[in-house]
Ligand SMILES: Cc1ncc(C[n+]2csc(CCOP(=O)(O)OP(=O)(O)O)c2C)c(N)n1
Ligand SMILES: Cc1ncc(C[n+]2csc(CCOP(=O)(O)OP(=O)(O)O)c2C)c(N)n1
Ligand SMILES: [Mg+2]
Ligand SMILES: [Mg+2]
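Protein chains in written order, with this note's numbering: chain A, 121 to 464; chain B, 121 to 464; chain C, 1391 to 1725; chain D, 1391 to 1725.
Here is the structure:
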């Protein structure tokens, strides 16, 4: 099984300079680039494997949205926690989860992060602070808020980051969770990954009022709204917000406008979308945009990095396909300690 | 059994003039006064009956908050619907429910609005558009929103009014319901009766951000914030908001600041409150304030109106105490048509 | 799949999904007070159960909603209270957990609490059950919970004809109906009468097979496997009587009792967790009514008390399969 | 009521409410990771179960929350995932309906879904049951639902000693524990051992009375009435064995089977609705394990399938009473 290249957790994150993206040092730009192309390569391989019938169940990929996961997580240390949603592969990879064990999980094989019990929608890696994807829209909001509250109680320096989509802003937990975080001045960053759609419905057709930032402000949570396809803007805004949070300033929100290239699930062609919109969305690729910046600064290794990512993911995919299924008896493990059943 | 004096439903409500409360005609001021003293008398009689052991279960009275129920409901016709919360006697009375049947219900007797099945927290009178109190905080919000949606679908001219407390603004249904109402441009007026407390906790200690109006605005629901103990201000603001709603302008919110004289339930002394606050709250009595306006305009019959209300409620109370218990077998009625059980 | 007229003019062959679509379509045409609300319904719904509805009935009667489950449920109730008849589409049963106050504390109780003033005539459609490796949060079966909840009717069809006829009844019912579409069987095909879909009354089981050796009581998505098991059993000389309950509240106690009186052996098969499932109620009731002395065996076969795992290797392990049904039935007949 | 030391130095006499308070107090003193969140808890909680906690542990460990049930439940879970041990106070069980996604889809499944990585060590306290005419939305008993829900432990004490000892176990448990405080019994008095409260293991029934004629299995707020009925029955020559299950999952099947093997007659008594209640599971399991041939009677006594009405005249009508228990037990012995 190929070894997964995890991005090194950036212990003390270097503060980014919001205005001058040129101020980023080249290593960090490379880090961001590598994370994004690894996510892209992961998602493309997963999509392909799903089409090939090797990944069972529903699959939600985040192609086009890589800038948000990468730009946020580059600012986190391993001790920081994240919660994610149904479209969480990118968040997990950016937080340092191993692509190898993720692929095994997607394939439902032994050695997967959840031993094959979770699949795509439930990937978690507690060892790197990834507290799990979630199959319920908004499900991660109260969990992140509680994690932040627990961390504060334990006098930890770590903080919590909560990724959710635009669709989640219409469920009750959004109001409750943000009010709660502001009330107890909790160290949590809410990240609204706004791709404009929720399943098969354009979010603006089911959302009233001036938008997520106004909602958050009305609940006492300030923040920044940025172009989520500009990974440097994401990085810079996150750094600013985290600085405030780590200084005890309470919760913040990052609203990142982005675009999802594919349909809702791997089997959804999203034929209802305006082809021009789709083309425009794809033209605004976060990876291509960073590549342009890097090229301007003289980077020559981009193709190699992308190729390495593709090779890496292909090898994880192949390894997953070759991996054994979990022992059937493990279906009975990890329900509960007391009162567990063992029969079939 | 004494006959209940229901306020006549004001078919075509006369628009109030917000600025000049003096512009109110005297009959309307009397109407408002009568409604308020009837609510006060009802609540005092109920509180006393509860202390005497004649009313079982929890009892939440609205003494001090009469201005909101009266000022809002004077603008409604019988066809308009309201939903209420756990502190709903005033809303029911102001909407035209009979104090006689309300007392019977509080006492758990035959002839009560719910046949003794509901009690104080579940009074409803569908015949006057009162769609029910609710034992769950925020429970009435989605119901009111749906009622408005149904009315719109049926091409009815009626609208829905949703009464809730400040405590309800921290539950998810507040976000969902307001977004929904704005989205579908529904004819619904949200009324936040803000007495500053939720059970045994001051609401501001558990609420972040700039407040309910900002939350509503962020969800696309504009409105007015007024002194809820100034019944004329409530009347005027409601008239304005309803005019907009009835003109097809979509939902509105009325935020009415008020004060609850008693503890959370009839058995709660609310000893934790600052005695000075309590004194100030009581000094700002909505009934006394309107009485002053009426006196200035030469009204002489206020004592008589108040005395009549007290007498009326005493007689309903006595009638309820003398009334028979519901037939035990009725416990089996009104569960469902198909699949109902009959045994004990 | 679009329904196609078969040779026999009186019936059509179609999918369970399409049967439900036709039933809702018929009722929305019949009664302008009927409407549907839920996520993505204007696009035909997640499962295509409402395909073409927007075009025919417009956006006021085919309401695509925000992801606001509490309000989908609660607004449906409110709209019923003023005289409309909403079909509340919950997409996948598990999400109903986001709307339980509205369902349990409001819809189920409102008529009773208000002494009969309220008539919450809603249908709550909640596609449920295990389905192509969707893991713990998209596969639950908790239908037994609602049998324990006063104020509601619980429907769990398994066939094309029942999906259609029971949905018509549900939409016409003045009681709130919890309608568990068997989502794994959406593409299952079958025949139904052509033309007007007649309502199927609640509380009547369907006898899928007559037999003398034991009574198998079952419902919902597991039914095709039970039928299969019945064939296998017959081949090995076990003559099983199979009853599909179709509705769990009210349930056809008389039919079950009559059958068990004959066979003296009862096996309840359901896809849900065995512990605390509706099978327990059936066994307890049969024992209560017939007396232990008149019964030789009363057993249940359900899933072990585990969340649903994702991997096919694990899901298959805990699923109730045809083999397990055959084995349990044989054991019951030997026992 | 404050606990007072009685003549026997080894025990104290106190209320069930105070027993719970002492247990939580002891555990919060023992383990700084334990904390409590819920509405009004800083003021001692709705029921006084946390009186004095704020003063001793401060506002970070005694967290009065907004009326945000989803987040009370979900934040408790999140805080557990980083290593704290929250007591999630839900005030009144019925409000848990506002937090079912967090309980059912998240807390109960998270360990399993994540292959063992998560340990949701939370206690969810949910005072439940009929209580001084509080009507349908403040009186529900749905404990059987959670027996059917994999991933959780279900506890339902009825005595002072069990409230204390089981709450200590719950707080120390790494599994999520749903703790049903019997709210009608808050003021009930009883004795418990003085000093350190020892944990009571889950899954062990308590025999309240030994007898030969029938086995009555029961739990929660109805227990004092069953005890009373036992005395009355004895006076009329019926010798009932009474078992208080105390925990419903795991439940003490061995104790129940042993008793029914002896008496051959089973009566399950619970306050909840009979249809689909946990009594059904007990009957089904006993029949399954002992075989119908070895049992003379297996019956249940619970409430009829109705929401709880408000009026004393109606509530009394549908309640399980001592008289009904006596009558059911006599019928079981005759039958
Ligand atoms: C409570 C709940 N309701 C509905 C769903 C079905 N569902 C899954 S993802 C999704 C859309 C979510 O949109 P968004 O949050 O914007 O995320 P995106 O898919 O766009 O990344 C829906 C409706 C769900 N999983 N949970
Ligand atoms: C969902 C829910 N949580 C908690 C309660 C308990 N409770 C009843 S009233 C109340 C306070 C409500 O405060 P508010 O809405 O401001 O109304 P007020 O009592 O001040 O009129 C609480 C917490 C409840 N009934 N429902
Ligand atoms: Mg989206
Ligand atoms: Mg209040």
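Ideal placement from N, C-alpha and C gives every residue a C-beta, glycine not left out.
Beta carbon proximity, residue i to chain A, threshold 8 Å
i                      : result
residue 1594 (chain C) : no
residue 1406 (chain C) : no
Near ligand 4: residue i beta-carbon under 7 Å from a heavy atom
i                     : result
residue 323 (chain B) : yes
residue 383 (chain B) : no
Integer Cβ distance of residue i from residue j, believed to fall under 8 Å
i                      : j                      : result
residue 1478 (chain C) : residue 1561 (chain C) : About 11 Å; that fails the 8 Å criterion.
residue 1663 (chain C) : residue 1566 (chain D) : In fact, because the Cβ distance is near 17 Å, the residues do not count as touching under 8 Å.
residue 1428 (chain D) : residue 1481 (chain D) : 6 Å
residue 238 (chain A)  : residue 1700 (chain C) : 6 Å
residue 270 (chain A)  : residue 1489 (chain D) : So it is not a contact: roughly 18 Å between Cβ atoms.
residue 248 (chain A)  : residue 429 (chain A)  : No, residue 248 (chain A) and residue 429 (chain A) are not in contact; Cβ-Cβ is about 19 Å, not under 8 Å.
residue 1455 (chain D) : residue 256 (chain B)  : Going by Cβ atoms, the distance from residue 1455 (chain D) to residue 256 (chain B) rounds to 16 Å, so no, they are not a contact pair.
residue 371 (chain B)  : residue 308 (chain B)  : 5 Å
Check: residue i C-beta below 7 Å from any heavy atom of ligand 3
i                     : result
residue 318 (chain A) : yes
residue 286 (chain A) : yes
Interface flag, residue i vs chain D, CB-CB below 8 Å
i                      : result
residue 300 (chain A)  : yes
residue 1521 (chain C) : no
residue 203 (chain B)  : no
residue 387 (chain B)  : no
residue 303 (chain A)  : yes
beta-carbon residue i near ligand 1 non-hydrogen atom, thresh 7 Å
i                      : result
residue 1429 (chain C) : yes
residue 315 (chain A)  : yes
residue 349 (chain A)  : no
residue 1685 (chain D) : no
Sheet register partners of residue i (DSSP bridge)
i                      : result
residue 416 (chain A)  : DSSP output for residue 416 (chain A) lists no bridge partner at all.
residue 375 (chain B)  : B:312 and B:345
residue 1716 (chain C) : In DSSP, residue 1716 (chain C) forms no bridge with anything.
residue 1572 (chain D) : D:1518
residue 1582 (chain C) : C:1402
residue 1427 (chain D) : D:1453 and D:1478
residue 250 (chain A)  : A:202 and A:245
residue 1511 (chain D) : Partner(s): none; residue 1511 (chain D) has no beta bridge.
residue 1441 (chain D) : Answer is none; residue 1441 (chain D) lacks a bridge partner.
residue 1657 (chain D) : D:1606 and D:1689
residue 354 (chain B)  : Partner(s): none; residue 354 (chain B) has no beta bridge.
Minimum Cβ-Cβ distance from residue i to chain C less than 8 Å
i                     : result
residue 287 (chain B) : no
residue 458 (chain A) : no
Distance cut-off 7 Å: residue i Cβ against heavy atoms of ligand 2
i                      : result
residue 1488 (chain D) : yes
residue 239 (chain B)  : no
Chain B within 8 Å of residue i, Cβ atoms only
i                      : result
residue 142 (chain A)  : Because the pLDDT at residue 142 (chain A) is just 47, under 50, the model does not fix this residue reliably, and the point stays unresolved.
residue 295 (chain A)  : yes
residue 1718 (chain D) : no
(request) Report the residues of the region 1425 to 1456 of chain D with a CB closer than 8 Å to any CB of chain C, ordered along the chain. (result) Under the 8 Å Cβ criterion, the region 1425 to 1456 of chain D contributes no residue.
(request) Give the residues from the region 233 to 263 of chain A that approach chain D closer than 7 Å (Cβ to any Cβ), ordered along the chain. (result) Along the region 233 to 263 of chain A, going in chain order, the ones with a CB nearer than 7 Å to a CB of chain D are 233, 234, 235, 237, 238, 242, 244, 246, 251, 252, 256, 259, 262 and 263.
(request) Please list the residues of the region 1667 to 1700 of chain C that have a C-beta atom closer than 8 Å to any C-beta atom in chain A, keeping them in chain order. (result) Listed in chain order, the positions of the region 1667 to 1700 of chain C with a beta carbon within less than 8 Å of a beta carbon of chain A are 1694, 1695, 1696, 1697, 1699 and 1700.
(request) Could you please tell me which residues of the region 1614 to 1642 of chain C, in chain order, have their CB closer than 7 Å to any CB of chain D? (result) Here the close residues number zero.
(request) Give the residues from the region 269 to 284 of chain A that approach chain D closer than 9 Å (Cβ to any Cβ), ordered along the chain. (result) If the cut-off is 9 Å between Cβ atoms, the region 269 to 284 of chain A has 269, 270, 271, 272, 273, 274, 276, 278 and 280 near chain D.
(request) Could you name the residues of the region 170 to 191 of chain A whose beta carbon sits closer than 7 Å to any beta carbon of chain C, in the order they occur along the chain? (result) The residues in question are 176, 177 and 178.
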